[in-house]
Amino acid sequence: MNARMLLPVLALLLAACAGPDRIVLLPDSDGKVGKLNVSNAGGETLLDSAYATASAKGDRKADAGRTDAGTVNQQFGVVLAALPPAPVSYTLYFTSDTDELTADSRALAPAILAKIAKFPAAEVVVIGHTDTQGSDDYNDKLSLDRARAVKRQLIALGFDAARISVAGRGKRELMIVTKDDVAEPRNRRAEVLVR
Amino acid sequence: MKAKLLGFLLVAGLSATAASATADDVAGVFKVVNGGVSVLRQGATLPATVGMAVYQSDQIVTGSDGSAGITFEDNALLSLGPSSRLALDRFAFNSTTHDGAFETTLSSGKLAVVSGKIAHHQLDAMKVRTPSSILGVRGTKFLVEVGGS
Chain V
9 MNARMLLPVL ALLLAACAGP DRIVLLPDSD GKVGKLNVSN AGGETLLDSA YATASAKGDR
69 KADAGRTDAG TVNQQFGVVL AALPPAPVSY TLYFTSDTDE LTADSRALAP AILAKIAKFP
129 AAEVVVIGHT DTQGSDDYND KLSLDRARAV KRQLIALGFD AARISVAGRG KRELMIVTKD
189 DVAEPRNRRA EVLVR
Chain R
2 MKAKLLGFLL VAGLSATAAS ATADDVAGVF KVVNGGVSVL RQGATLPATV GMAVYQSDQI
62 VTGSDGSAGI TFEDNALLSL GPSSRLALDR FAFNSTTHDG AFETTLSSGK LAVVSGKIAH
122 HQLDAMKVRT PSSILGVRGT KFLVEVGGS
């Protein structure tokens, strides 16, 4: 057998020596646990509890097992450390019929903006909303004005304008559901989504 | 003849639009890049940088000293450990309806996932393939290692 023929054989042997594929279900940041269905020609294995594992090799059905937080950190610490920060959202409130922040929100704004600035390659979406006083058209414009006002503040703090998108949702997505033509301070807001 | 030609032009126009829509849509953005990390895109090998966009059909490859984290349009978070290779087979996301598809293949190394709106909205719309299995993702945080010890 010459070397050229030996290489594929060696590769096959190496692949056969490698361990199984391993899957570990983790609790998320809120402590909640989702579900994973691991399937192949051999069948399906459902993972639905914290630190449940599946090991699968070839066409054999995956074996269910269990691990713990310490072992996970040892074996997967590097890849877990590379996860980007979870997206966050903030709500800022406005005074009636203006694109000016309430005194409370104005006081919060610098801390929020500083936090945004710490996100790596941050992308920001600002979505403005209104209460139900006034027409659809009027509120569409007011909600967009509110989103743009927040964008202007971000840019003033040195934020790259190209990384901020704005939208106005008018009175379509109420935080507090009211009848039409009702003043509701909690609906006069902008959501700032950062990721 | 005219109708046939018109039909052909319409079909050609539509498929061109569909192709450009998927090719141009940003799927995600690199937020973390450590050590050697590259993106294989249409035959080219590009060094990954923080802020760089990823697209459907890209492959992400990390060196023995590399790791990388990407945030996707549906807020899903993915990270790769050293000596890993991930193919982004399919990514589609409608930010209004949250309909979409998110399919990747891990052919070597380690992957961490926090699923996003696509998996939350629709059962099994997010899938991860490994050499041995297909993972149907019903949320939320999990790890995958190919051929580990």
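Residue numbers (the numbering used here), protein chains in the order written: chain V, 9 to 203; chain R, 2 to 150.
Cβ coordinates follow ideal geometry from the N, Cα and C atoms, glycine included.
Drop a sphere of 10 angstroms on the beta-carbon of residue i, count the other beta-carbons inside from all chains shown, and report buried for 16 or more, exposed for fewer.
i                : result
Gly82 (chain R)  : buried
Thr105 (chain R) : buried
Leu198 (chain V) : A quick correction: the sequence has Ala, not Leu, at residue 198 (chain V). Flag for Ala198 (chain V) reads buried.
Asn48 (chain V)  : buried
Asp107 (chain V) : buried
Thr72 (chain R)  : buried
Asn45 (chain V)  : buried
Ile184 (chain V) : exposed
Asp67 (chain V)  : exposed
Glu74 (chain R)  : buried
Going along the chain, which residues of its own chain have a beta-carbon closer than 8 Å to the beta-carbon of residue i, five neighbours each way excluded?
i                : result
Leu124 (chain R) : Gly137 and Arg139
Thr23 (chain R)  : Caution applies to Thr23 (chain R), whose pLDDT of 46 falls short of 50 and renders its modelled position unreliable; the model cannot decide the point.
Ala155 (chain V) : Val134, Ile135, Gly136, Val174, Ala175, Gly176 and Ala198
Name the chain V residues whose beta carbon is nearer than 8 Å to that of residue i?
i                : result
Arg139 (chain R) : Gly42, Lys43, Leu44 and Asn45
Ile61 (chain R)  : In chain order: nothing, as chain V lies at least about 12 Å away.
Leaving aside the five residues before and after residue i along the sequence, list all residues of the same chain whose C-beta is less than 7 Å from its C-beta, in chain order.
i                : result
Ser220 (chain V) : Any property of residue 220 (chain V) remains undetermined from this structure, which presents chain V solely from 9 to 203.
Glu131 (chain V) : Arg171 and Arg203
Tyr98 (chain V)  : Ile120 and Val200
Asp188 (chain V) : Thr140
Val158 (chain V) : Leu100, Val134, Ala198 and Val200
Which of the three DSSP states is assigned to residue i in this structure?
i                : result
Pro128 (chain V) : coil
Pro35 (chain V)  : strand
Lys123 (chain V) : helix
Phe167 (chain V) : coil
Arg114 (chain V) : helix
Tyr101 (chain V) : strand
Ser157 (chain R) : As shown, chain R starts at 2 and ends at 150. That puts residue 157 (chain R) outside it, with no answer to give.
Arg194 (chain V) : helix
Val185 (chain V) : coil
Leu152 (chain V) : helix
So does residue i have its beta carbon nearer than 7 Å to some heavy atom of the ligand ZN?
i               : result
Phe94 (chain R) : This structure does not include the ligand ZN; it has no bound ligands of any sort.
So with CB distances below 7 Å, who are the chain R contacts of residue i?
i               : result
Lys65 (chain V) : Ser133
Leu33 (chain V) : Phe143
Apart from the five residues just before and just after residue i, which ones in its own chain have a Cβ nearer than 6 Å to its Cβ?
i                : result
Phe143 (chain R) : Val114
Could you list which residues in chain V have their beta carbon closer than 7 Å to that of residue i, in chain order?
i               : result
Ala45 (chain R) : Within 7 Å Cβ-Cβ: nothing; Ala45 (chain R) doesn't reach chain V, min ~21 Å.
Ser68 (chain R) : Val86, Val87 and Ala90
Going by beta-carbon coordinates alone, are residue i and residue j separated by less than 8 Å?
i               : j               : result
Ile61 (chain R) : Leu87 (chain R) : yes
Gly52 (chain R) : Val38 (chain R) : no
Leu89 (chain R) : Asp59 (chain R) : yes
Closer than 8 Å by beta-carbon distance: list the chain R residues that pair up with residue i, in chain order.
i                : result
Ala129 (chain V) : Val30, Phe31, Lys32, Val51 and Gly52
Asn48 (chain V)  : Ser133, Ser134 and Ile135
Please list the partners that residue i has in chain V, where partner means a Cβ-to-Cβ separation under 9 Å.
i                : result
Ile119 (chain R) : Within chain V, no residue comes near Ile119 (chain R); the closest Cβ sits about 13 Å away, beyond 9 Å.
So which residues on chain R does residue i lean against when the C-beta distance must stay under 9 Å?
i               : result
Val80 (chain V) : Leu144
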